[in-house]
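See below for the structure under consideration.
2 protein chains.
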Amino acid sequence: MKYAFAKRVQHLQSSAVRDILKVVNSGNVISFAGGLPDDDLFPVEAVEAAFSKTFQSGKKSFQYGLTEGYEPLREVLIERMGAKGIKAKLEEVMLTTGSQQAIDLFARIMFSPGDVVLTENPTYLAAVQVFQSYEVNIIPVESDEHGMIPEDLEYKMKKYMPKCVYVVPTFSNPSGKVWSLERRKLLLKLAKKKNVVIFEDDPYGELKFNPKETYTPIAALDNGKHVLYTSTFSKTVVPALRTGWIKGPYQIIRMMAQAKQAADLHSNSLAHHALYHLCCDFDLNRHIATLQKEYFNRMKIMQNLLDQADLPGLSYIEPKGGMFFWVRLPEEINATELLNTAVENGVAYVPGAPFYVSNPEQNTIRLNFTHSTPDKLEQGMKTLVNVFQNAIHLEKQEV
Amino acid sequence: MKYAFAKRVQHLQSSAVRDILKVVNSGNVISFAGGLPDDDLFPVEAVEAAFSKTFQSGKKSFQYGLTEGYEPLREVLIERMGAKGIKAKLEEVMLTTGSQQAIDLFARIMFSPGDVVLTENPTYLAAVQVFQSYEVNIIPVESDEHGMIPEDLEYKMKKYMPKCVYVVPTFSNPSGKVWSLERRKLLLKLAKKKNVVIFEDDPYGELKFNPKETYTPIAALDNGKHVLYTSTFSKTVVPALRTGWIKGPYQIIRMMAQAKQAADLHSNSLAHHALYHLCCDFDLNRHIATLQKEYFNRMKIMQNLLDQADLPGLSYIEPKGGMFFWVRLPEEINATELLNTAVENGVAYVPGAPFYVSNPEQNTIRLNFTHSTPDKLEQGMKTLVNVFQNAIHLEKQEV
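Shown next as structure tokens:
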């Protein structure tokens, strides 16, 4: 039987990342695909204790809750954001089913079909999926290692009159880059001038390798009117709780709350109560420090193996935090085709091309270093480096 | 600062129910508003034990999961649906963040702006919100106590060529009615003839007062191609876990899964694992039997107080299950205006008017009998009956 779907589904694409994950999860493959935190580092006892406390606290936590989410947890998040310089009132904060939902609800209330969003290129794939599903016109802005290039940003703001600029300025997915403070300020200045909203997606901000460095959120530079800021517990606590949050101007948050009523009434409030207890009773910052140290070590393992090998024409951005290495192979090598060879050899990654809005660079690769243990990391990288070497030298021979 | 929202937000309305709940939750009011199960009947120990088992089972349950949801739980649900006559394969079942999300995702992939859905009138308010947010044309079909009237249904199918008919045929929200088997079969027959999909929303089906009665889901009468069926754990276990599910033709479920990737990646998988253990280790059917008995008793308390009072012109449908009494006051009385008086006197309800797609009957009221203890129920009903009596006799005097 044939079903007549909505026009907008032609824009719905399966996530290339999720598809790869399905394949690699079923086999004996060391995976550098996916943006998965490490299972072994999950604070299991703390989560268990938090749930225990929730169960003892009475039955309210089992009942239907507020659309905006459990207030005490929102208060805790206001405090945590405050430590990063972001000021927020209660009505400016809403809990969401992952920060993914924050992106979805924002797009739903902000964009009519044909409206424009400016993004980095490459950028977070599932955000692009969201924008596409609302038939938003996605215009990429030229960037370098410091962020969007001001001249191109200003030009495109003028030309396309976007409603919003979507950015992942701190340990970006997939590029791992960090915007400079100067570029953050410039983006904000332009956004104010052009009456454009900035959507700052910050899932990895806590995972910095140098604890002494500060990366000021754009939301902290703002007066509360121009920036939406979203983050999540998925990378610092556990992903399965699907708890993220968004902070922004009240008129926008209120509209998003109305959209959320229709979307899922409210998020898992048992998880909200548990996370509240966890934040009160568990030293989350100390746990995050452990993650920072461990992920830094793993990044170094990956980096050393790349550096030690003979890989002419391969380059990468050294991550200052987050979860990903962004690797560039020699231009002639197609990373999507190479993936088959990699998987046959027992290692997987995500090609960079699906993360591009346009003009995908086929020779790019995103490598995750957080999910594998150091041993697996080493083993997998040795295999992958071999695969790269063979591809590079084969290419050289063919030239 | 002014924000230019998407065109579709003009259709976004705050839920009248949620707004009332906000008011009544803050005061000393006995509330018959809301569709809340009773906190005291929550199977807390079972949920606690289930989470305990989940925590012991290893860290996989903390990690990111499949978009479609934890497979073993889906297998359990296939079995439970099988007991109701609904056959399903694994790929035809997806877990959702409440059955609310099932409605939202379905609308997202099914309806272009201007497409038509046929509904009952009144019907579930938050479903109407969803359809409105996707700019769907909502056409109500005439009904009586047995369901949609066939002649009007056929006429409107021909005239409007809907994509879908949305129904809550078992202990409907808000009317509490149950469709007859004959009308269910007729709807299915017409839907097949006209190539229209039926969306069967069944959150209350388990809460029947006569355990010997069976109310055959429309999905059980279908060959698997014409009906989507959604239900939830919210009314039988606990709402806070936000776990529902949808079963339908694979092409539709697959499309909804793609939409879900963008919406929230996946639902709270820790909850999925816990619910799986709960279904294996806890006698859920026996717990449901307890709920059936207890809710029946409460319904009877409410009914007796209505019957015993002098309320000329007041009528109601006796619920055979579910959570709601649908009450009709004398025609001249506006239940929305009367609500202020009720709340001043310490009792709240939801007026029926917001549940109408069109031609709202201002004298209707939805009363929930599940959330209050028997004592509060009695106390609140005595007050409410007084409020009704005063309104009715005042009206008579004015005539």
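If you read the protein sequences in the order shown, they are chains A and B.
With full-length UniProt numbering, letter number 223 in the first sequence gets 223, and the count goes up by one each step, no holes.
With full-length UniProt numbering, letter number 76 in the second sequence gets 76, and the count goes up by one each step, no holes.
Where a beta carbon is used, it is the ideal one built from N, C-alpha and C, also for glycine.
N-terminal and C-terminal residue of the beta strand (DSSP E) that residue i is part of
i	result
residue 199 of chain B	197-201
residue 328 of chain A	324-328
residue 317 of chain B	315-317
Identified DSSP bridge partners for residue i
i	result
residue 31 of chain A	A:348
residue 94 of chain B	B:246
residue 166 of chain B	B:119 and B:199
residue 321 of chain A	A:208
residue 178 of chain B	B:170
Enclosing alpha helix (DSSP H) for residue i [first to last residue]
i	result
residue 368 of chain B	Where residue 368 of chain B is concerned, there is no enclosing alpha helix (DSSP H), although the beta strand (DSSP E) it sits in stretches over 364-368.
residue 290 of chain A	284-308
residue 383 of chain B	374-398
residue 56 of chain B	44-56
residue 82 of chain B	71-82
Which listed residue (the options) has its alpha carbon closest to that of residue i
i	options	result
residue 68 of chain A	A:386, A:95, A:307 and A:1	A:95
residue 329 of chain B	B:235, B:30, B:392 and B:42	B:392
residue 47 of chain B	B:183, B:130, B:270 and B:141	B:270
residue 174 of chain A	A:121, A:129 and A:153	A:121
residue 214 of chain A	A:176, A:180, A:265 and A:152	A:180
residue 117 of chain A	A:160, A:124, A:133 and A:78	A:160
residue 123 of chain B	B:352, B:398, B:372 and B:385	B:352
residue 211 of chain A	A:203, A:148, A:286 and A:302	A:286
residue 344 of chain A	A:387, A:224 and A:288	A:387
residue 245 of chain B	B:294, B:298 and B:199	B:199
residue 53 of chain A	A:382, A:310, A:395 and A:273	A:273
residue 467 of chain B	B:16, B:255 and B:169	No information on residue 467 of chain B is available, as it lies outside the stretch 1 to 399 that chain B covers here.
residue 138 of chain B	B:149, B:145, B:107 and B:146	B:107
residue 338 of chain A	A:249, A:2, A:74 and A:362	A:362
residue 253 of chain A	A:44, A:90 and A:193	A:90
residue 240 of chain B	B:4, B:38, B:360 and B:1	B:38
residue 216 of chain A	A:394, A:249 and A:178	A:178
residue 219 of chain B	B:255, B:243, B:170 and B:260	B:170
residue 156 of chain B	B:141, B:259 and B:135	B:141
residue 350 of chain A	A:248, A:359, A:197 and A:340	A:340
residue 128 of chain A	A:195, A:146 and A:11	A:11
residue 381 of chain A	A:125, A:308 and A:40	A:308
residue 335 of chain A	A:291, A:390 and A:188	A:390
residue 182 of chain A	A:354, A:192 and A:147	A:147
residue 384 of chain B	B:346, B:358, B:372 and B:374	B:346
residue 279 of chain B	B:88, B:379, B:303 and B:51	B:51
residue 397 of chain B	B:300, B:332, B:262 and B:41	B:332
Residue i beta carbon near the ligand MN (any heavy atom closer than 7 Å)
i	result
residue 90 of chain A	Of the ligands one can find in the structure shown there are none, so the ligand MN has no counterpart to examine.
4-residue-minimum alpha helix (DSSP H) runs that sit fully inside the segment 118-149 of chain A, ordered along the chain: Counting whole runs of 4 or more residues, the segment 118-149 of chain A contains the alpha helix (DSSP H) stretches 125-133.
Cβ contact (3+ pairs, closer than 8 Å) linking the segment 72-87 of chain A and the segment 108-115 of chain A: When C-beta atoms of the segment 72-87 of chain A are compared with those of the segment 108-115 of chain A, fewer than three pairs fall below 8 Å, so the two segments do not count as touching.
Contact between the segment 316-334 of chain A and the segment 365-385 of chain A (3+ Cβ pairs under 8 Å): Three or more Cβ pairs drawn from the segment 316-334 of chain A and the segment 365-385 of chain A lie within less than 8 Å of each other, which places the two stretches in contact.
The segment 195-211 of chain A contacting the segment 235-250 of chain A, beta-carbon criterion three pairs below 8 Å: Counting C-beta pairs with one atom in each stretch, the segment 195-211 of chain A and the segment 235-250 of chain A have three or more that are closer than 8 Å, which means they touch.
The segment 86-106 of chain A in contact with the segment 221-234 of chain A per 3-pair CB rule at 8 Å: Touching, per the Cβ criterion.
Every unbroken alpha helix (DSSP H) inside the segment 199-281 of chain B [4 residues or more]: The DSSP assignment places 218-221, 250-264 and 269-281 as complete runs of the alpha helix (DSSP H) inside the segment 199-281 of chain B, in order along the chain (cut-off: 4 residues).
The segment 31-43 of chain B in contact with the segment 217-226 of chain B per 3-pair CB rule at 8 Å: Not touching, per the Cβ criterion.
Meets three-Cβ-pair contact criterion under 8 Å: the segment 259-269 of chain B and the segment 53-65 of chain B: The segment 259-269 of chain B vs the segment 53-65 of chain B: in contact.
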